[in-house]
Structures are given as structure tokens and as C-alpha cells.
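Colleague:
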Amino acid sequence: MEVQQKEKTLDLAISQIEKQFGQGAIMRMGEDTIIKIEGISTGSISLNAAIGIGGIPRGRITEIYGPESSGKTTLALHIVAEAQKKDGYAAFIDA
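Numbering (full-length UniProt numbering), first residue to last: 1 to 95.
1. Does the separation of the CB atoms of residue 93 and residue 40 fall below 8 Å?
2. Can you name the residues that DSSP bridges to residue 67?
3. Do you know how far the Cα of residue 89 is from the Cα of residue 8?
4. Can you tell which of 60, 58, 6, 75 has the C-alpha that lies nearest to the C-alpha of residue 66?
5. Rank 42, 50, 36, 16 by C-alpha distance to the C-alpha of residue 85 and give the top, closest one.
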């Protein structure tokens, strides 16, 4: 398969994925495109800064993991409270 044909096939696949999942679902390495993602505060200024967008991404599934008694549930409940403060919805699933 020619390089041009491979590029065309790749572009078609990317456009279909972006159509289904939205702009920015696929990013090519080295692109400097920055997509603004709204965040929900974690309740911790330093953690918000470390994440880079001011909290966890709104509208996405976020997994919080770590050892027992490390504060996972507390963090999750703080995030749920922050979402509710802004009249949002959040689900906390302990699995």
C-alpha cells in the first residue's frame, strides 16, 4: 500500500472516530494543538495544579486508585461535592 493511501486511510479513520467521540478524541504525537477541557475541582489547590486543568475533566470517566486508607473515597466525595456546588451531576462507583 502506498504511503499516500495509508495516510488517506488513517485520516478517514480519525475523522470517523472524531465524528463519534468528538474533536480531540485522537491527537497525533508532536501536535501542539491544545484543547480546552473544563475541569471539576478536587478540593485541593495543589492537586488541581498537578492535574493541569484545574481538577478532573468534566464529562469523562476518571478512575482513582491507590492503597487502602490512602484517601481515595475522600477525594471522590470532595469531587462529587464540587460538582454538586455547580449544579452538576456526578456518580461515585465503589467497585
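Note that the Cβ used here is the ideal one computed from N, Cα and C, for glycine as well.
Modeller: According to the data block:
1. Start at 1 with the first residue of the sequence shown, and residue 93 comes out as number 93. Start at 1 with the first residue of the sequence shown, and residue 40 comes out as number 40. Result no, Cβ atoms of residue 93 and residue 40 do not sit closer than 8 Å.
2. Looking up residue 67 in the sequence shown gives position 67. DSSP lists no partner for residue 67.
3. Stepping through the sequence shown from its first residue, residue 8 is reached at position 8. Stepping through the sequence shown from its first residue, residue 89 is reached at position 89. Between residue 8 and residue 89, the C-alpha separation is close to 40 Å.
4. Here residue 66 refers to the residue found at position 66 when the sequence shown is read from its first residue. Of the listed residues, the one whose Cα sits closest to residue 66 is 75.
5. Translated into the one-based positions of the sequence shown, residue 85 becomes position 85. Taking only the C-alpha atoms, the option nearest residue 85 is 42.
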